[in-house]
Amino acid sequence: MAALYTPTEKGFDARLEAIDRCQVGLLRELAGDLGSRLTLKGGMAMRASFGSLRLTKDIDFDRDESIQQATLKKNLERLLVRAAGPAGIRDPKVEITKDTNTTVRARLQGALPDGTDVRFDVEVSGRRAPDKANVRAEIVTPPARYSMAPFPVQTYTNDALAAMKIAAALSEQRNAPRDLYDLRDLARANADPTLILSRQRSELIGTWANNALGKLEMLSYGLAQQELLPYLPPGDRGELTEDAWVDATLAVAESIQTWCAGALRLQEVQDAAQQHQVREQRS
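Throughout, the numbering used here is defined as the position within the sequence shown, counted from one, plus 151.
Structure, rendered in structure tokens:
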């Protein structure tokens with residue numbers, strides 16, 4: 152069971168608490184409507200199931216193919232507006248900002264009573280059906296102030312979250328310090344994505360291992376101050392010094408290299424077993 156903390160009690164401002172409350176409310180509504188056909192991932196999965204201290208800018212899901220695109224869009228628009236009210240977001244407006252064969256992205260915009268602008272995105276991807284071995288059911292306990300009962304949600308295992316974060320962190324199209332921060336937390340929690348990584352092409356695994364440190368070093372401390380620290384509890388921000396960030400970079404790079412090396416060894420074992428089986432069948 153994951154018990155969520157109240158953002159303002161950790162020093163966050165009312166805007167971020169309103170966003171978090173709306174996100175948690177939306178998660179509860181979607182989980183109630185679609186159940187295991189929707190799998191939570193990304194930053195909200197880290198908060199709602201892993202217990203990360205980091206708040207999230209957006210909320211992301213993978214969906215089962217049985218969910219119709221048109222139905223999904225209507226549900227997002229309706230449930231975002233419904234979740235906005237209890238969060239204190241006035242005049243909520245929802246815009247579909249992406250609508251492809253695989254992905255729907257919706258943006259909620261509104262304002263707090265003092266006029267502060269509030270916005271965040273929700274993205275639902277249908278590129279692939281989640282592997283059942285990589286998902287888990289979790290009970291989310293919202294902060295007492297949100298006046299929501301605990302609710303179940305389907306999300307990914309720590310191993311699967313780590314594999315996704317590796318792909319994100321080492322992507323040439325992405326430079327997000329939160330990926331490094333999340334991988335640090337997942338490694339500390341003994342996540343082991345070796346088996347999942349072994350299903351990738353060996354060339355890609357080797358590239359990840361070779362490029363891990365160089366790519367992570369591009370996530371500078373200055374960038375982390377701009378993009379990550381505002382989403383960490385103010386009382387904890389002082390712990391993430393430049394030296395601590397460098398240490399995290401080196402530790403995460405080493406973890407990625409270890410996981411990738413294990414994945415390549417596993418592929419070798421599997422290949423040898425297959426070759427032995429072929430020889431046995433021929434003899």
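Where is the CB? At the ideal position from N, CA and C, for every residue including glycine.
Since this is a predicted model, take the numbers as computed values, not measurements.
Distance, Cα to Cα, residue i vs residue j?
i: Asp330; j: Lys366; result: 12 angstroms
i: Glu435; j: Asp336; result: With the chain covering 152 to 434 only, the question about residue 435 has no answer from this structure.
i: Ala319; j: Glu216; result: 23 angstroms
i: Arg388; j: Ser203; result: 14 angstroms
i: Asp343; j: Phe271; result: 31 angstroms
i: Ala327; j: Arg229; result: 30 angstroms
i: Arg241; j: Met197; result: 28 angstroms
i: Arg166; j: Glu393; result: 27 angstroms
i: Ala154; j: Ala300; result: 11 angstroms
i: Ser276; j: Arg433; result: 45 angstroms
i: Val255; j: Gln220; result: 8 angstroms
i: Ala280; j: Lys224; result: 19 angstroms
i: Leu374; j: Glu405; result: 21 angstroms
i: Leu177; j: Arg430; result: 55 angstroms
i: Glu390; j: Asp422; result: 45 angstroms
For residue i, write down the residues that DSSP places opposite it in a beta bridge.
i: Asp268; result: Ala262
i: Leu191; result: Phe212 and Thr306
i: Ser276; result: Asp213 and Thr254
i: Ala288; result: Gln305
i: Ile247; result: Ala257
i: Arg241; result: Ala262
i: Ala153; result: Val291
Just to confirm, are residue i and residue j a CB contact at a threshold of 7 angstroms?
i: Val269; j: Ala169; result: yes
i: Val171; j: Leu206; result: Inspection of the sequence shows that residue 171 is occupied by Asp rather than by Val. For Asp171 and Leu206, yes; Cβs fall inside 7 angstroms.
i: Pro243; j: Leu227; result: no
i: Ile218; j: Gln174; result: no
i: Lys309; j: Ala288; result: Correcting the residue identity first, residue 309 is Asn in this sequence and not Lys. No. Outside cutoff.
i: Ser322; j: Ala414; result: no
i: Pro264; j: Thr157; result: no
i: Ser353; j: Gln418; result: yes
i: Ile356; j: Ala314; result: no
i: Ile407; j: Ile317; result: yes
i: Lys161; j: Pro384; result: yes
i: Tyr332; j: Leu379; result: yes
Measure the beta-carbon distance from residue i to residue j and round it to whole angstroms, keeping in mind my assumption that it falls under 8 angstroms.
i: Phe302; j: Val291; result: 6 angstroms
i: Cys411; j: Ala338; result: At roughly 13 angstroms, the Cβ-Cβ gap does not stay under 8 angstroms, so Cys411 and Ala338 are not in contact.
i: Val304; j: Ala182; result: 5 angstroms
i: Arg188; j: Arg214; result: 7 angstroms
Less than 6 angstroms between the CB of residue i and some heavy atom of the ligand GDP, yes or no?
i: Leu227; result: The model on display carries no ligand, and the ligand GDP is accordingly not part of it.
At least one CB of chain C closer than 7 angstroms to the CB of residue i: is that the case?
i: Ser203; result: In the structure shown, chain C cannot be found, because there is only a single protein chain.
Q: Decide if the stretch 396-413 is in contact with the stretch 367-376; the criterion is three or more beta carbon pairs, one per stretch, under 8 angstroms apart.
A: yes
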